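*Asks:* Read left to right, the sequence shown gives residues 1 to 325 (UniProt numbering).
No residue lacks a Cβ here, since even glycine has one placed at the ideal position from N, Cα and C.
Just so it is clear, the structure is predicted and the values come from calculations on it, not from any experiment.
Sending over a structure as structure tokens; questions will come in a sec.
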Amino acid sequence: MRAITLPRFGDPSVLTIAEVIEPPVGPSDVRIDVVGAGLNGADISQRRGSYPPPSGAPLWPGLEVSGIVSGVGDDVSEWRIGDEVCALLPGGGYAERAVVDQSLVLPVPAGVSLLEAAALPEVAATVWSNVFMSAELAPTEAFLAHGGSSGIGAMAIQIAAARGSRVFATAGSAEKVAFAEGLGAIGINYREQDFVEVVNHETGGVGIDVILDMVGGDYIGRDIRALSIGGRIMVIANQSGETTSFNVGSLMVKRGRIWATTLRARPLAERAAIIASVRESVWPLIEQGLVKPTVDSVFTPDEAADAHRRMESSAHMGKILLQFG
């Protein structure tokens, strides 16, 4: 089958379409003929050589796909050939076909197209596992998402707002602030405003209960200043590339917590539990129209390098997809 491979690490030009051996379908596996594959920051890191796939995963990128089931293992009970599905992968989504354990497969939500569904699994699992399963954001609490116009930011804003939280989001332009506000957040232009001052003013000095941070660096110290008593900071990336330092005493005064996580390398049982919880709690919000996939742009496999360039430019708002089917 054809896949978008990485014969070497480097800039987007290294992405190369090549023939690869299709992964075998094990007893509990589902094979998906891929229609759409979502781009994620992890794909950029893998292409640069700083985020290798976990053991046993395909060597080409891609953490989420949508498509049609074309094969099932002997132990698969729920999924049938012809089902329209989407799935969370440990890798290998940039290809004509993907093979994944049945526990990481989700039905395409009602009202969502098969292609759009590729924009859902990774961001939904990341947001739900961090903000709600770990940080336990409550409807009465305030929430701040950094990178509010990213795929993860857009999903986080929508879920938190749909569940009743007061939502804030940072973004880097007036257009991106408007995008975040359209999803239900109070937008903060980080190029012109200090998010700490804004949230403390808007909350009357109470602060933010849960912060989703993918920036890292000096943002962590500022997060602490914006935190409520008993607040939680969930760190899911370090896009700044900077070393983080902060005053531990300031975190102690807030009785706050900093929790750093990854999703891709978790044991299968943990990822399966997250997907089951996403299906139970997030999929109904999507089917009710309260949460929607936000698709910025769609590229063909031949345009994969351009898709990566768009993501690295930070010009996108929402998810970037590759369309195979």
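With DSSP run on the structure shown, which of helix, strand or coil describes residue 203?
*Replies:* Residue mapping note: residue 203 aligns to position 203 of the sequence shown, counting from 1. Correct three-state label for residue 203: coil.
*Asks:* If you reduce the DSSP assignment to three classes, tell me which class residue 267 lands in.
*Replies:* The residue labelled residue 267 in the question sits at position 267 within the sequence shown. It is coil, neither helix nor strand.
*Asks:* CB-CB under 6 Å to residue 256, same chain, minus the five flanking residues each way: which ones, in chain order?
*Replies:* Numbered from 1 along the sequence shown, position 256 holds the residue referred to as residue 256. Correct list, in chain order: 227 and 231.
*Asks:* Excluding the 5 residues flanking residue 7 on each side, which residues of the same chain have their C-beta closer than 6 Å to its C-beta?
*Replies:* Counted from its first residue, the sequence shown places residue 7 at position 7. Answer for residue 7: 16, listed in chain order.
*Asks:* Is residue 140 buried or exposed, if buried means 16 or more other CB atoms sit within 10 Å of its CB?
*Replies:* Position 140 of the sequence shown, counting from 1, holds the residue named residue 140. Residue 140 is exposed by the Cβ-count criterion.
*Asks:* Who does residue 326 pair with in a DSSP beta bridge?
*Replies:* This structure cannot speak to residue 326, because the chain is shown only from 1 to 325.
*Asks:* Taking the beta strand (DSSP E) that residue 245 falls in, what are its first and last residues?
*Replies:* As a working note, residue 245 is residue 245 in the sequence shown. Boundaries for residue 245: no beta strand (DSSP E) harbours it, and the DSSP string shows neither H nor E there.
*Asks:* Return yes when the Cβ of residue 93 is within less than 9 Å of the Cβ of residue 34, no when it is not.
*Replies:* Taking the sequence shown and counting its residues from 1, one reaches residue 34 at position 34. Taking the sequence shown and counting its residues from 1, one reaches residue 93 at position 93. Contact flag set, yes.
*Asks:* Nearest by alpha-carbon distance to residue 223: which of 192, 182, 178 and 143 is it?
*Replies:* On the sequence shown, position 223 is the one that residue 223 refers to. The shortest C-alpha separation from residue 223 is found at 143.
*Asks:* Excluding the five sequence neighbours on either side, which residues of its own chain have a C-beta within less than 6 Å of the C-beta of residue 234, listed in chain order?
*Replies:* The residue given as residue 234 occupies position 234 in the sequence shown. 130, 135, 212 and 259, listed in sequence order.
*Asks:* Starting from residue 401, trace the alpha helix (DSSP H) both ways and give me its first and last residue.
*Replies:* With the chain represented from 1 up to 325, any question about residue 401 goes unanswered, as that position is not in the structure.
*Asks:* Roughly how many angstroms lie between the CA atoms of residue 176 and residue 153, to the nearest whole one?
*Replies:* Here residue 176 refers to the residue found at position 176 of the sequence shown. Here residue 153 refers to the residue found at position 153 of the sequence shown. Their backbone Cα atoms lie some 11 Å apart in a straight line.
*Asks:* Measuring only the C-alpha atoms, how far is residue 295 from residue 26?
*Replies:* For the purposes of this step, residue 295 is taken as the residue at position 295 of the sequence shown. For the purposes of this step, residue 26 is taken as the residue at position 26 of the sequence shown. CA-CA distance, residue 295 to residue 26, rounds to 32 Å.
*Asks:* How many angstroms separate the CA atom of residue 9 from the CA atom of residue 203?
*Replies:* Taking the first residue of the sequence shown as position 1, residue 9 is located at position 9. Taking the first residue of the sequence shown as position 1, residue 203 is located at position 203. C-alpha separation (whole angstroms): 45 Å.
*Asks:* So, with DSSP's three-state summary, where would you put residue 95?
*Replies:* In the sequence shown, residue 95 corresponds to position 95, counting from 1. Strand at residue 95.
*Asks:* Am I right that residue 109 and residue 283 are in contact with their C-beta atoms under 8 Å? What's the rounded C-beta distance?
*Replies:* Along the sequence shown, read from residue 1 onward, the residue named residue 109 stands at position 109. Along the sequence shown, read from residue 1 onward, the residue named residue 283 stands at position 283. Under the criterion of beta carbons closer than 8 Å, residue 109 and residue 283 qualify as touching, at roughly 5 Å.
*Asks:* Exposed or buried, which one is residue 56 when buried takes at least 16 other CB atoms within 10 Å?
*Replies:* As a first step, residue 56 must be located in the sequence shown, where it is residue number 56. Label assigned to residue 56: exposed.
*Asks:* Counting beta carbon pairs with one atom in the segment 242–250 and one in the segment 61–79, are three or more of them shorter than 8 Å?
*Replies:* Because the criterion of three Cβ pairs below 8 Å is not met, the segment 61–79 and the segment 242–250 do not touch.
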